[in-house]
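Below is one structure; the comments refer to it alone.
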Amino acid sequence: MSRLESLYQSFTGYKPFEMNLLPLSGSARKYYRLSGEGGTLIGCIGTNPAENKAFLSIDEAFCDAGFHAPRVYAVSEDGMEYIQEDLGDGQLFELLKPQIPSGNFSSDQKNWLRDTLSLLPAVQFKVGERMDWSVCFPDQEFNERMVNFDLNYFKYDFLKLTGLEFDEIKLQDDLDRLRADSLDYDGNCFMYRDFQARNIIIKNGEPCFIDFQGGRRGPLQYDLASFLWNAGTSFSPELRGEFEECYLRSLSNFITFDEKTFREKYRLITLVRLLQEFGAYGFRGL
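For the sequence shown, the numbering used here assigns the number 738 to the initial residue and increments by one for each residue that follows.
The following block contains the structure:
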């Protein structure tokens, strides 16, 4: 019996009937759906103890703040495997997928998107209030090192592979300025890091949050940019503007801010995020 099956049995009192590997994502982590008389649960096998520790701690912060994240029910002694609540197959990206090429989203689809973005400020502030930043993986905050990683990802895994001629000194000057400007932020807000439709599950019409193990302290604008400028969803400028307003209305319930200043920083952070995405696609040879 595998450790996941043993964890299932220790929690439910029953042996699982079956254990099926779920489709792999960009991570080396493996997820399984375990089914039996004790119900259906998700099992995770991690590859890095620090990453698993970060997930378990952040998951507790989400649940304590009242958000629907998968509750963890049992963890192996070494912390490398655990079983958690099964939130179902309603991944927001898959629910949007049929309409992504046309951009003609249904009223239900738009409502799911609005609900998700309306919840984002609450996640950023309420989870941030409960965070133990020391457990964040691989770093505690959005800092110079992280931005350098993202910008170098673009430079070496995308731009240099294109074969284009460019002035490397001038490019580096621009990247240095972008890094310095994007790091000017205050507060202890939670930055999801990979906030996108693939990491949202719609269950009973409500958004649920998954795959936040890379979260850390960071600027508010980063998650908004990650969600609205993700290449997979390709929102139109009109929809993107509508969803930005939705987020800003919700944000005003938590802080007083100057919208012009917020949007200026948002444009900078969006550029950082897009350059990181270019690097990711280049690394995968896409």
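A virtual CB, placed ideally from N, CA and C, is assigned to each residue, including glycine.
Item: Just tell me which of Tyr959, Asn789, Ser747 has its CA closest to the CA of Val1009.; Value: Tyr959
Item: At a cut-off of 7 Å, would you count Ala802 as near the ligand NAD, judging by its Cβ distance to the nearest heavy atom?; Value: For the ligand NAD, the structure offers nothing, since it holds no ligand at all.
Item: Using the DSSP secondary-structure output, state which residues sit across from Arg953 in a beta bridge.; Value: Met928
Item: Whole-angstrom Cβ separation of Tyr810 and Leu854, contact assumed at under 8 Å?; Value: Going by Cβ atoms, the distance from Tyr810 to Leu854 rounds to 30 Å, so no, they are not a contact pair.
Item: From this set, Leu850, Cys926, Met883, Leu829, which residue's C-alpha is nearest Gly865's C-alpha?; Value: Cys926
Item: In the DSSP assignment, what residue or residues form a beta bridge with Pro944?; Value: Ile939
Item: Ala811 bridges to which residues according to DSSP?; Value: Ile820
Item: Bridge partners of Glu755, per DSSP?; Value: Ser772
Item: My guess is that Gln861 and Leu957 are in contact by the Cβ rule of under 8 Å, so how many angstroms apart are they, rounded?; Value: 6 Å
Item: For a test of the three-state rule: what should DSSP assign to Gly978, helix, strand or coil?; Value: helix
Item: Mapping the DSSP letters down to three states, classify Glu902 as helix, strand or coil.; Value: coil
Item: Looking at the secondary structure, which residues open and close the alpha helix (DSSP H) in which Tyr890 lies?; Value: 881–891
Item: Return the residue from the list Leu741, Gly1022, Asn848, Ala765 that minimises the CA-CA distance to Asp948.; Value: Ala765
Item: Between which two residues does the alpha helix (DSSP H) carrying Gln846 extend?; Value: 844–859
Item: Please look up how many angstroms separate the CB atoms of Arg977 and Phe879, rounded, as I've assumed it's under 8 Å.; Value: Contact doesn't hold; Cβ gap of about 22 Å is too wide.
Item: Quick check: Tyr769 and Asn757, are their CB atoms within less than 8 Å of each other?; Value: yes
Item: If Glu945 sits next to Leu824, beta carbons under 8 Å apart, how far is it from one beta carbon to the other, in whole angstroms?; Value: Note that residue 945 corresponds to Cys in the displayed sequence, not to Glu. The pair is a contact, with the Cβ atoms about 5 Å apart (cut-off 8 Å).
Item: Where does Cys873 fall in DSSP's three states?; Value: coil
Item: Alpha carbon to alpha carbon, what distance is there between Gln821 and Trp966?; Value: 30 Å
Item: Going by DSSP in three states, Thr777 sits in which element: helix, strand or coil?; Value: strand
Item: Which of the three DSSP states is assigned to Gln828 in this structure?; Value: strand
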